[in-house]
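J.: I have a structure here, written as structure tokens, and I will follow up with some questions on it.
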Amino acid sequence: MTTAVAPVPGVFSAVSRVTAALDSPRAVLPSVCHGDGRRWPQSLAGGAAGIALLHVERARSGHGDWATARTWLAEAASGNVTAASNARLFFGAPALAFVFHIASTSTGRWRRALDALDAATLDVARVAVAAAHARMDRAERAELREFDLIRGLAGLGAYHLAAHPGHEATREVLTCLVRLTEALPGTRDDLPPWWTDASPSGDPSPGFPGGHGNFGMSHGISAVLAVLSLAILRDAAVPGAHEAAGRICAWTDQWRHGDCEGPWWPGVITLAEAEAGNVDAGQRPRPSWCYGIVGTARAQQLAGLALREPARRQAAEAAVLAVLRDPAELARLPEPGLCHGRAGLLQATWRMAADAADGELAAEIPRLAARLAAQLAQHGCSDPELLDGAAGAALALHTAGTGSAPGPAWDAFLALA
Numbered sequence: 002m003t004t005a006v007a008p009v010p011g012v013f014s015a016v017s018r019v020t021a022a023l024d025s026p027r028a029v030l031p032s033v034c035h036g037d038g039r040r041w042p043q044s045l046a047g048g049a050a051g052i053a054l055l056h057v058e059r060a061r062s063g064h065g066d067w068a069t070a071r072t073w074l075a076e077a078a079s080g081n082v083t084a085a086s087n088a089r090l091f092f093g094a095p096a097l098a099f100v101f102h103i104a105s106t107s108t109g110r111w112r113r114a115l116d117a118l119d120a121a122t123l124d125v126a127r128v129a130v131a132a133a134h135a136r137m138d139r140a141e142r143a144e145l146r147e148f149d150l151i152r153g154l155a156g157l158g159a160y161h162l163a164a165h166p167g168h169e170a171t172r173e174v175l176t177c178l179v180r181l182t183e184a185l186p187g188t189r190d191d192l193p194p195w196w197t198d199a200s201p202s203g204d205p206s207p208g209f210p211g212g213h214g215n216f217g218m219s220h221g222i223s224a225v226l227a228v229l230s231l232a233i234l235r236d237a238a239v240p241g242a243h244e245a246a247g248r249i250c251a252w253t254d255q256w257r258h259g260d261c262e263g264p265w266w267p268g269v270i271t272l273a274e275a276e277a278g279n280v281d282a283g284q285r286p287r288p289s290w291c292y293g294i295v296g297t298a299r300a301q302q303l304a305g306l307a308l309r310e311p312a313r314r315q316a317a318e319a320a321v322l323a324v325l326r327d328p329a330e331l332a333r334l335p336e337p338g339l340c341h342g343r344a345g346l347l348q349a350t351w352r353m354a355a356d357a358a359d360g361e362l363a364a365e366i367p368r369l370a371a372r373l374a375a376q377l378a379q380h381g382c383s384d385p386e387l388l389d390g391a392a393g394a395a396l397a398l399h400t401a402g403t404g405s406a407p408g409p410a411w412d413a414f415l416a417l418a
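Just so we're on the same page, the working numbering is the position in the sequence shown counted from 1, plus 1.
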């Protein structure tokens, strides 16, 4: 199932410069956090937890030291760790559990801390599952924050699938995701059950009368498809997982645009577009991880592997290959980060190349990595964050440079593995 992806050793100098610049929490982190909580220590997106992940990955591969990783882990776990209603994969106890799981699996240390974090995350998941089932029992439409990767059940599923795939809580989350794809009584049958009544921000908006359907990996149904597909591939699927993945694929197939050599999927569709059955070609999204072609394509590739649909896998790989060979498309990602920048494109491409039927995607990785390394060398670490900044870009380059991503996979939080 896998294709060898050769290491790109020329990028290590850029990674080393970033990790050196992000050596000390006191020097890197601001004295105050952003109002949205991104810079809180226990934030995976922008806080110490995310930067700790970079140092943990470097240390366990022999390219960094565990002393630095320990310093960042201590910073990430400082203060009161939340397991409140806002705690999900990217924030609070689940975020810390994700990072400590990778560190503990690699060293055997931090077991007590991990056990406490994991127990809190299990409680968070059970509460979230119960709330989702109650909502479906009322036949009300979902909100993105219920099921998405960053704030919802897809993210909790990604963690539990990585940490303990056979656990009852993992099965409960996956079962809830399966039910999410089943028709709701009394709702329109021409819209999918994961259709939301709000805008992509989660709030009502005049620009989205009647809500929207979301294809994204960060906030849309692609993350659910990826997590269910990964469960199938790891023999951790629950009853109905194959059918649920099939229902999601049937909807995304309906909205696939382009030809066989360059297919693409929209990031979101409005009610008017759903009723018209068409999205203008000008709505083609950027090739980003969060809402763009590469995130959606990785979910489609995983579904093709899980459902044993070679044509789906080939279409996904063709979509990304077309992007990588189009300078205009690459120019649409000026940022370096994982979320909507070149690092996300690189990491998703690396994962897809490793699972591809041939070596065409793998052949593009050295050029893609070199561009990102040059960008980091030019702009430095003005933004240290994992999701949008230098830490995430360095992690993607580290994977390309080593040519491997040992388990547990650091990019599981992106639903790429």
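Idealized CB from N, CA, C, for every residue including glycine.
1) Which first and last residues belong to the beta strand (DSSP E) in which V269 is found?
2) In angstroms, rounded to a whole number, what distance separates the CA positions of H220 and I249?
3) Kindly list the residues whose CB is nearer than 7 Å to the CB of G203, restricted to its own chain and excluding five residues on each side of it in sequence; keep chain order.
4) Looking at the C-beta of P26, does it have a partner C-beta in chain D at a distance below 8 Å?
5) Pair every Cβ in the stretch 86 to 105 with every Cβ in the stretch 46 to 57, then say whether three or more of these pairs are closer than 8 Å.
6) Determine, using beta carbons only, whether A237 and T182 come nearer to each other than 8 Å.
7) Between W196 and the rest of its own chain, which residues show a CB-CB distance below 7 Å, the 5 nearest in sequence each way excluded?
8) Decide if G167 is buried, meaning its Cβ has at least 16 other Cβ atoms within 10 Å, or exposed.
9) Decide if the stretch 267 to 285 is in contact with the stretch 298 to 308; the criterion is three or more beta carbon pairs, one per stretch, under 8 Å apart.
10) Can you give me the C-alpha to C-alpha distance between D149 and G63, rounded to a whole angstrom?
11) Counting only the same chain and skipping the five closest in sequence on each side, list residues whose C-beta sits under 6 Å from that of A22.
12) Leaving out five residues on either side along the sequence, give the residues of the same chain with a beta carbon under 6 Å from the beta carbon of R139.
13) Find out if the Cβ-Cβ distance for the pair V12, A370 is shorter than 8 Å.
14) Measuring only the C-alpha atoms, how far is V228 from L30?
15) Use the C-beta contact count for H380: other C-beta atoms within 10 angstroms, 16 or more gives buried, fewer gives exposed.
16) What distance in whole Å lies between the Cβ atoms of L398 and A15, which are believed to be in contact at a cut-off of 8 Å?
17) Leaving out five residues before and five after V33 in sequence, what residues of the same chain have Cβ atoms less than 7 Å from its Cβ?
18) Can you give the Cα-Cα distance for A78 and A316, rounded to whole angstroms?
19) Are the CB atoms of S267 and V280 nearer to each other than 8 Å?
T.: This is what the structure gives:
1) V269 to T271
2) 15 Å
3) E144, L145 and R146
4) The chain labelled as chain D is not found in the depicted structure, where only one protein chain is given.
5) yes
6) no
7) R142, G212 and G214
8) exposed
9) no
10) 34 Å
11) C382
12) none
13) yes
14) 32 Å
15) exposed
16) 6 Å
17) Because the pLDDT at V33 is just 39, under 50, the model does not fix this residue reliably, and the value given afterwards should be weighed accordingly. Nothing listed; no residue qualifies.
18) 42 Å
19) The residue asked about is misnamed: residue 267 is Pro in this sequence, not Ser. Yes. Within cutoff.
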